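Residue numbers (this note's numbering): 196 to 327.
(1) Ends of the beta strand (DSSP E) at residue 324?
(2) Which residues in the same chain have their Cβ closer than 7 Å to the Cβ of residue 322, if we skip the five residues on either side of it in sequence?
(3) Going by DSSP, what residue range makes up the beta strand (DSSP E) through residue 290?
(4) Who pairs with residue 307 in a beta bridge, going by DSSP?
(5) How many angstroms separate the CA atom of residue 252 from the CA atom of residue 268?
(6) Using 8 Å for Cβ pairs, my map puts residue 248 next to residue 279. What's the rounded Cβ distance?
(7) So, residue 292 versus residue 272, is the Cβ gap smaller than 8 Å?
(8) Can you look up residue 199 in the DSSP assignment and give me helix, strand or coil?
(9) Specify, as a first and last residue, the run of the beta strand (DSSP E) that residue 242 falls within.
(10) Just to confirm my understanding: we take residue 229, look at its own chain, exclude 5 residues before and 5 after, and list those with CB closer than 8 Å. What are they?
(11) According to DSSP, is residue 223 helix, strand or coil?
(12) Please work out which residues of its chain come closer than 7 Å, Cβ to Cβ, to residue 325, disregarding the five sequence neighbours upstream and downstream, and give them in chain order.
(13) Out of curiosity, what's the CA-to-CA distance linking residue 310 and residue 240?
Written out as structure tokens, the structure is:
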């Protein structure tokens, strides 16, 4: 009986390790970087995540529609890395998916991810804006 319980315990731990996979990457936004969001009349950002791995630095998150009508919403999210002195380190314009923010129940949010080749220095500001 003990042998059977031990095997189930090991199998459960193995399943948890396989399922967690990349989900345990720490969010560097809390400790090393600061997030700054440029205000927009139509959209706002949530669940912004900064992580490094596989020789790259990633900034990802969600963009939400403020109201129920999504007319003339800008097409891109601009992710800008700004150092402590105010100089732009690197900037990227990335699309978000799904492309339409219609305001309907299932289309209130879209996801975006920006990939950078190098991790910026600690104290860098990550500025997010919705642009055309």
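Glycine residues also receive a C-beta, built at the ideal position from the N, C-alpha and C atoms.
On a predicted model such as this, the values are computed, not experimentally measured, just so you know.
On the basis of the coordinates in this document:
(1) 320–326
(2) 231, 233, 275, 277
(3) 283–290
(4) 256
(5) 27 Å
(6) So it is not a contact: roughly 24 Å between Cβ atoms.
(7) no
(8) helix
(9) 238–248
(10) 318, 319, 320, 321
(11) coil
(12) 235, 238, 258, 269, 272
(13) 18 Å
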